[in-house]
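Quick notes on the structure that follows.
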Amino acid sequence: MKKITVIFLIILLMPFFVNAQKSDYKNYRELISAFKSLSSSYTKLKVIGKSDSGKNIYAFIVGKENLPAVFIGANISGYDLAASEAALILSKDILSKIKNGEYKDKSFIIIPVMNPDLYDIYFKKPLEKRVKNFTPKDDDGDGLIDEDPPEDLNHDGYITMMRVKAVDGNYVEDKSFPYLLKKANPIKEERGVYKYYTEGIDNDGDGKYNEDSKGGVIINNNFPVLFKYYKKSSGLYPVSQKTTKTLMTFVLKHKNIELAYIIDRTNNMIKLPEMGRSSKLGDMPVKVPERFGKFLGIDTKKKYKISELVKILNESGVGGGMKITPQMVASFLGVAPPASIDPKDYSYYKELSKQYKDLAKKEKISIDRKVKGEEDGSIVKWFYFNLGIPTIAVDVWSLPKAKSEKKQNKGLTIEKLKKMSKDDFLKLKDSEIESFMKGFRMPPSFNVKMIRKMVESGRLTPLKMASFLEKYQKRSEGKKSLNKDLKSYIENELKGKGVVKWQRFNHPQLGEVEIGGIVPFTDEIPPYNKVEENSKLVTNFFDMLVKKTPSVKLEGLKVKRENSGVYRVNFYIVNEGYLPFYLNMAKRNKYSMPILVKLILPKDAILIEGKKLVKINDLGGIGSAKKVSYLIYPGKNKKIKIKIHHEKIVDMEKSINLGGVK
Amino acid sequence: MRKKILSVFVLALFLTSLSYSLILRYDRYYNYKEVFQALQKIKSKYPKFVKIETIGKSYQGRDLWAVTINNPDTGKASDKPAMYVDANIHGNEIQGTEVTLYIMDYLLSNYGKVKKITDLVNRVAFYIVPIVNPDGRAFFMDKPNTPSTSRINKKPIDDDRDGLYDEDDYDDLDGDGNIVQMRKKVKPGTGYLKLDPKDPRIMVRVKPGEKGDYIMLGLEGIDNDGDGLVNEDPLGGYDMNRTFGFNWMPPFIQYGTSDYPFEPSETYAIAKFLITHKNIAATQDFHNSGGMILRGPGANNMGRYPFADVKVYDYIGKEGEKLLPGYDYMISWKDLYPVFGGFNDFSYRTLGIISFTNELYQAQQDFNKDGKVTPEERMKWNDEILHGAGFVNWHHYKHPQYGDIELGGWKKMTTRVTPGFQLEELCHRNGAFVIFNAFHLPDVKIKEVKKEKIGKGLYRIRVLIMNDRMIPTRTQHAVMKNIGKPDYVRIRGKNLKVISGGIEYDHQLKKYTPQKHHPEKIRINSINGMGFKYIQWIVKGKGNVKIIYESEKGGKRVKEIKI
Ligand SMILES: [Zn+2]
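Just so you know, the sequences run in chain order A and B.
Using our numbering, the first residue of the first sequence is number 2, and each one after it goes up by one.
Using our numbering, the first residue of the second sequence is number 53, and each one after it goes up by one.
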């Protein structure tokens, strides 16, 4: 009897116990049950649809569904377990803030795993780094589907790499980090030694190894904005995947979403969206639609090249001082989509980015790491470029940049160069300049003599030179640094874990090979303790953002009785929030339903001026206001009502008794 | 006398031999239900050749039918090169459906009577979707409309962004079954139009120095929702020929499209059908109007078509101009206007299929043959050819918002829709274009297999494979973009060892490029229109040897020889 009670007690305590003890990633089922355990009267965990592999996709909904909503979508990559864990931590934080009386006028839609098909692969043996889902597909175009997947030949639980010595090998060992090979560079007198393959056998006997592994499509490339046609891993066409369609239809139905917070591998706060990128226009001759042509005096039967139209329009002065660009004409005529963030929207992103970086500094979380910018065909691009919703993408962790062994350079540095005048520079010794330039590995034609000449003539200023060198350095670093970063991370932070030493193996087709390399996902999934540490930034920045969402209010109501018994009613619809009520992209895309201001009058009242339905198309950032005005001849009953509605605001109603006004 | 009788007799004989009895009439239009009955009628007459399936549902729940025409005695449909035809994706562009009915009717009623048709039906399969937008057709034919309304599907859209959907459609105010125009006489000088002094049915714009006394008030309708506007939120929907998943652009770029590609169940069903029927090597869809044979690109931001495919397009398109007098072979983006997310682009660019779109019908109203059709000439057409049945004469109506106005204008079955007396010819000529196209579906034959002893038990086997028609087994585009399965030629024998093999690059000198792996299965990618390939193998062994050609669109061919 006693024994049973004890067991019973243990069982009762177990979930708590497990949760408290758990210091590693949860699998999909465990993660969802962690969300279940957060449920309360004002939350809902619901299945929004299925993924391509038939898994449920869940949304955790906090707050009333008629309130403006912030969308939190985590882990569109599928394997980004850290993002999903961060979404859980963030959800807990939201709930505790609500308990403390915050976030009163908001609701939250949290999808902790947007792409569940790749979630559990982390727990499966052998572990293989896959980023594509399991939709069957012919990767190599030989007409066979998924015929050559990799195999864990040495049974160590990982799919790593194979290297085999070959006369025509074109890889060599990276001497500083032997777990990786690099392409031999004959110019540097490197002779190729190895052939380099993923671990496995050539299942279909076509001479290639593991060229057609299972699946699939990268869900985060399957969204319709800047979709890459003909790229197999993007899918046959945009939104070809069930997972993508489930997510999109869900988002499109929720017209109350005012902000999207995407937690995944992308970070657009460290790496801001690109400016000045244009979509492919071609030399498309276009006809101008009659409704514009007539107005602009352009022959609507003739075809013009876009560049010709730009010239005509700029000369005609219709821009009103604004310079008209080919992109503007193309998108105006509907021949090309925007590919570059709107400049005004960008300034908001830039300001938020600054605050993100400041917060990171405060939280002591490094932002000096390799981050991914927004990908074409991604959910981040779709949210912003298509729906025009402010979309902030953050990651939890990424590979830290290797600390460059800074030689204490007593001589010249880029920083010093920036501050130099022409004369300062010319006073430098040749040897100083030479040793400085050596560090950049510039082409030999770029020598001291030439630089001196250029600076002397004024064609090159020290500042220009510094910024050029900076860019040059970044570009060449980008290419080489992955191995360096990985090496430093494995050696310094993982203390040597995360690698598999090269071991001999007798391969049925290749003969003697060596198998080894990097443990899959080492550069994508951090140790669990990092998640808890870095989630602070994810959570606290989110809190900042929520407080910056638009907040639309009715203010400055004034009622005045005028001559002859008519009443003037004036008020303002004002945005008291930081972010504008609609980014420029939303306005441009017409994904910007107006705020509806409805006036409800007694039947016998007469509306002399003003409209029964006023549409407020948009409001700018903080303090932006639009005036609404009515002139009313009231009926017997002098009560009127104003109703203000929009999915993205808290609906308002105001009753006014004109009778009480003097 | 006798001679005359004889010649009449001969003529009669000639006529009987030419006459085929079609089951349906083609001087009239079929509404949605009647199309279904017509299909059933064709099926019950030729049950062996006809399969009707439902491939999806419309927004309002109507069935989308696909008909397969195939002779099972000569093989399964899926093993043959196939021609896909659809119509009426724009609900108001109805006559394409009659063309598809005609094609089925004509092919089957001539089968066994006319050799060219018999051979064709034996060799290829036809997949036909007579109505892609059933809701649009049903609404267009059964309810009052203009020639241009009911183009889109029936998904409600909030056109005026007031939170309400489809709340202010056009109205047939006088209940005559037509939606026409509203015009109003106003004080001289306050209008911008006047009546044509020669024909008061025609409105003309006032010239400088003149005073107008008429204004137009748009299509027939009232302010249904009391918001002070008339017809500001009419029915539906998406322009479904902008919702296909290639070069798709969102609604703010491509007017009328859906929120994402293939959002409408109708176009999703079509896409699924095309993707799963990998034997389709040519597609044709029918619209109205203007008399055009269109090919892509729909827009030029995705590059041009490769040269080898343009050759095929040009050949079929230019031949089409001859079969369809007055029709022009054109490139959509260049000669018409840019279309993003059109059927045609998806079919060719995503699936690698040769694809044409015909804009059916151009009325022959240029009575004085000056190359222009004036409003007066259009009226003459109404008065002398249609005897007044095409135009609703202006008549008074008391409008709740506009007061005293006049209603009048062209009826829905005019301007874009072919009149009954011309419909059969239109069906036949466009049917002939489809048949021409189908005739040029790849026809691959293993023309010869030669063996030659080269000593030490080794043989050289040389095979000639040829495509006798203009459409390639895989388009150049499909080969370049890795779309679909490559064509393969295999050699197989019980006691056969394949030592080497490959495609010949110099037949006269017997030179070939050895394929490194699996030499028994040579990847030839494709056979061009009117093209050929020589394959060479070096083998060892004896007995029966099979040469097998396999292609998604070219079918399967086997030839046996003995060593
Ligand atoms: Zn059309």
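Note that CB positions come from ideal geometry on N, CA and C, so glycine has one too.
Neighbour-count burial assignment, residue i, 16 or more Cβ in a 10 Å radius
{"i": "S40(A)", "result": "exposed"}
{"i": "P427(B)", "result": "exposed"}
{"i": "F359(B)", "result": "exposed"}
{"i": "Y473(A)", "result": "exposed"}
{"i": "G64(A)", "result": "buried"}
{"i": "M545(A)", "result": "exposed"}
{"i": "M301(B)", "result": "buried"}
{"i": "Y621(B)", "result": "Outside the displayed range of chain B (53 to 615) lies residue 621(B), so it cannot be described from this structure."}
{"i": "E291(A)", "result": "exposed"}
Chain B within 8 Å of residue i, Cβ atoms only
{"i": "V240(A)", "result": "yes"}
{"i": "P391(A)", "result": "no"}
{"i": "K269(A)", "result": "Note on residue identity: the sequence assigns Asn, not Lys, to residue 269(A). So no, N269(A) is outside the interface."}
{"i": "D143(A)", "result": "yes"}
{"i": "G208(A)", "result": "yes"}
{"i": "P327(A)", "result": "no"}
{"i": "K402(A)", "result": "no"}
{"i": "P274(A)", "result": "no"}
{"i": "L253(A)", "result": "yes"}
Three-state secondary structure (DSSP) of residue i
{"i": "R544(B)", "result": "strand"}
{"i": "D397(B)", "result": "helix"}
{"i": "V520(A)", "result": "coil"}
{"i": "H569(B)", "result": "coil"}
{"i": "S308(A)", "result": "helix"}
{"i": "N174(B)", "result": "helix"}
{"i": "G369(B)", "result": "helix"}
{"i": "W433(B)", "result": "helix"}
{"i": "D380(B)", "result": "strand"}
{"i": "L145(A)", "result": "coil"}
{"i": "Q233(B)", "result": "strand"}
{"i": "V240(A)", "result": "coil"}
{"i": "R526(B)", "result": "coil"}
{"i": "W503(A)", "result": "strand"}
{"i": "V258(B)", "result": "coil"}
{"i": "L281(B)", "result": "coil"}
Short CB-CB distance (under 8 Å) between residue i and chain A
{"i": "T426(B)", "result": "no"}
{"i": "D311(B)", "result": "yes"}
{"i": "R347(B)", "result": "no"}
{"i": "I579(B)", "result": "no"}
{"i": "D214(B)", "result": "yes"}
Alpha-carbon spacing of residue i relative to residue j, whole angstroms
{"i": "Y222(B)", "j": "A334(B)", "result": "39 Å"}
{"i": "F296(A)", "j": "I325(A)", "result": "17 Å"}
{"i": "I11(A)", "j": "E86(A)", "result": "Note that I11(A) has pLDDT 49, beneath the 50 cutoff, so the model's placement of it is unreliable and no number is given."}
{"i": "K168(B)", "j": "F473(B)", "result": "28 Å"}
{"i": "G164(B)", "j": "A118(B)", "result": "24 Å"}
{"i": "H569(B)", "j": "V550(B)", "result": "11 Å"}
{"i": "I601(A)", "j": "L608(A)", "result": "10 Å"}
{"i": "P528(A)", "j": "S92(A)", "result": "21 Å"}
{"i": "V629(A)", "j": "L620(A)", "result": "13 Å"}
{"i": "W503(A)", "j": "N493(A)", "result": "21 Å"}
{"i": "D94(A)", "j": "K206(B)", "result": "44 Å"}
{"i": "E318(B)", "j": "S241(A)", "result": "15 Å"}
{"i": "F296(B)", "j": "F398(B)", "result": "6 Å"}
{"i": "Y111(B)", "j": "P316(B)", "result": "7 Å"}
Residue i CB to nearest heavy atom of ligand 3 below 7 Å
{"i": "K312(A)", "result": "For ligand 3, the structure offers nothing, since it holds only ligand 1."}
Residues around ligand 1, please: the condition is that the C-beta lies closer than 5 Å to some non-hydrogen atom of it. H142(B), E145(B), H339(B)
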